[in-house]
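For the sequence shown, position 132 (counting from the first letter as 1) is numbered 165 according to our numbering, and the numbering increases by one without interruption.
Every residue gets a Cβ at the ideal spot worked out from N, C-alpha and C, and that includes glycine.
Below is one structure; the comments refer to it alone.
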Amino acid sequence: MTRGLLFGSTSGNQSHSKYLVEFRAGRMTRKGNMVHPDKRKGTVYVHQSEDSLMHFCWKDRTTGAVEDDLIIFPDDAEFKKVTQCTTGRVYVLKFKSSSRRCFYWMQEPKEDKDDELVRKVNEYLNNPPVPGSGRGGTSGGAGGSGSHLHSELGNIGDDELQNLLNNMSQNQLVQLLGGIGGVGGVANLSSLLSGGRSSSQRWVSYSIFVLYIVRINLSCVTAVEQI
Numbered sequence: 034m035t036r037g038l039l040f041g042s043t044s045g046n047q048s049h050s051k052y053l054v055e056f057r058a059g060r061m062t063r064k065g066n067m068v069h070p071d072k073r074k075g076t077v078y079v080h081q082s083e084d085s086l087m088h089f090c091w092k093d094r095t096t097g098a099v100e101d102d103l104i105i106f107p108d109d110a111e112f113k114k115v116t117q118c119t120t121g122r123v124y125v126l127k128f129k130s131s132s133r134r135c136f137y138w139m140q141e142p143k144e145d146k147d148d149e150l151v152r153k154v155n156e157y158l159n160n161p162p163v164p165g166s167g168r169g170g171t172s173g174g175a176g177g178s179g180s181h182l183h184s185e186l187g188n189i190g191d192d193e194l195q196n197l198l199n200n201m202s203q204n205q206l207v208q209l210l211g212g213i214g215g216v217g218g219v220a221n222l223s224s225l226l227s228g229g230r231s232s233s234q235r236w237v238s239y240s241i242f243v244l245y246i247v248r249i250n251l252s253c254v255t256a257v258e259q260i
């Protein structure tokens, strides 16, 4: 039962769309201080890969070829309207850690939803959903809230926790560590170690360590909130 509570039920966790947000838009090429539209029909979309990383993508709607597939880390980029352009609806993906800019022009027939689409893009890129939480698709799911995770971890004894982790596969450990990352701030650690490093026993030891740290952090947060 504990295993099911930590991971949640797999049924009902699937998103209604394979993308968190998508809309019709074309690419633009930059030449000097000017940007020029690529007239091809395209789609901009945001999705979360199995390793929990967020991807900002553009694909050709005619051929289906994905030409932009950019991994975006939280607070590393902002999608915003280019207000200086008065002849069209131009948007830019602006990176904060570099001078890189990616420009796109809106191809949606109506502009009444532009602001909402931009808000969703920035929300997903800078506040990625916890795997299984159902954001962007269905409500509820495996990730749960911080208080729910705190409750579950607090009810698991040390021996039960170690026995549980000993019986998990590496993929399940990655899923669990990715899920708690939204609360404990360790989401990317599991992906850094998932590339065929060491034995499954090392994964178990690492997982126990992370879960202990998360339990301590959540207990501290709860204590502070009660002061």
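For residue i, which three-state DSSP category applies?
i, result
"Glu156", "helix"
"Leu126", "strand"
"Val151", "helix"
"Tyr52", "coil"
"Ala110", "strand"
"Arg134", "strand"
Can you tell me which residues form a DSSP beta bridge with residue i?
i, result
"Phe89", "Val79, Leu103"
"Lys146", "Note: Lys146 sits in no beta bridge, so no partner."
"Ala58", "Met139"
"Pro70", "Met61"
In angstroms, rounded to a whole number, what distance separates the CA positions of residue i and residue j?
i, j, result
"Val115", "Trp91", "18 Å"
"Met61", "Arg122", "12 Å"
"Arg152", "Ser131", "22 Å"
"Tyr52", "Asn155", "14 Å"
"Asp84", "Ile104", "11 Å"
"Lys64", "Asp71", "13 Å"
"Thr4", "Thr96", "Because the chain is modelled from 34 through 260, residue 4 falls outside the range shown and cannot be assessed."
"Gly59", "Glu100", "11 Å"
"Val163", "Leu150", "20 Å"
"Lys146", "Lys113", "14 Å"
"Met67", "Gln117", "11 Å"
"Tyr137", "Tyr124", "5 Å"
"Ala98", "Asp148", "27 Å"
"Phe106", "Pro161", "9 Å"
"Lys143", "Leu86", "31 Å"
"Arg133", "Ser82", "23 Å"
"Ser42", "Met139", "Note that Ser42 has pLDDT 39, beneath the 50 cutoff, so the model's placement of it is unreliable and the number below is only indicative. About 38 Å."
Under 6 Å Cβ to Cβ from residue i, same chain only, skipping five residues before and after it: list those, please.
i, result
"Arg94", "Lys74, Gly75, Thr76"
"Cys135", "Leu126"
"Glu141", "Phe56, Arg57"
"Asp108", "Asn159"
With a threshold of 7 Å on Cβ separation, who are the neighbours of residue i within its own chain once the five nearest residues in sequence on each side are excluded?
i, result
"Ala110", "Leu126, Lys127, Phe128, Lys129, Leu158"
"Asp102", "His88, Cys90"
"His69", "Met61, Thr62"
Ignore the nearest five residues each way along the sequence and tell me which others in residue i's own chain have a CB closer than 8 Å to its CB.
i, result
"Val54", "Tyr78, Val79, Leu150, Lys153, Val154, Tyr157, Gly169"
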